[in-house]
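Accompanying notes for the structure given below.
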Amino acid sequence: MSKAPKSTARGSRSLRPRTTSDAIEILDRRVIGDDPDLRAQVRAAEFELAVAQIIHDARTDAGLAQHQLAELIGTSQSVISRLEDADFNSQSLSMLRRIAGALGKRLEVRLVDGASVFESA
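If you're matching positions, the sequence shown starts at 40 in our numbering and goes up one per residue.
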């Protein structure tokens, strides 16, 4: 038994079935589409957010408050806050991404366990 087309406010026509409920995928298809400039901006923002999350996670895993990390590295709490909010000038990161892309590579940023540069010998 076949179903009749669903009625819409614009009249009777078939609606395409939704294939995803993922908001990111929907935005990607509907808003970004094939615009290469917009796609590049989105990739840059995603990268900056990933770096911000890495910083936040490493700080909280170390059991430090923002002001404590700031003291360790000789900066202010507001600088740490901006880094964790991805509200920073990412020219260096942007340049690294461009270099990686030009070389056919992908840039990864990770914090790995190891000796601290702040430890005394």
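Glycine included, C-beta positions come from ideal geometry on N, C-alpha and C.
- Comparing alpha-carbon positions, the option among E64, V148, P75, S115 lying closest to S131 turns out to be V148.
- R69 and E87 have their C-alpha atoms roughly 23 Å apart.
- A straight-line Cα-Cα distance of about 12 Å links L77 and L66.
- Per the coordinates, the alpha-carbon of L135 lies some 10 Å from the alpha-carbon of A141.
- In the three-state reduction of the DSSP assignment, F127 falls in the coil class.
- Beta-carbon to beta-carbon, H95 and E123 are separated by about 5 Å, close enough to satisfy the 8 Å threshold.
- For A109, the number of other beta carbons within 10 angstroms of its own is at least 16, and it is reported as buried.
- Around the CB of R82, fewer than 16 other CB atoms lie within 10 Å, so the residue is classed as exposed.
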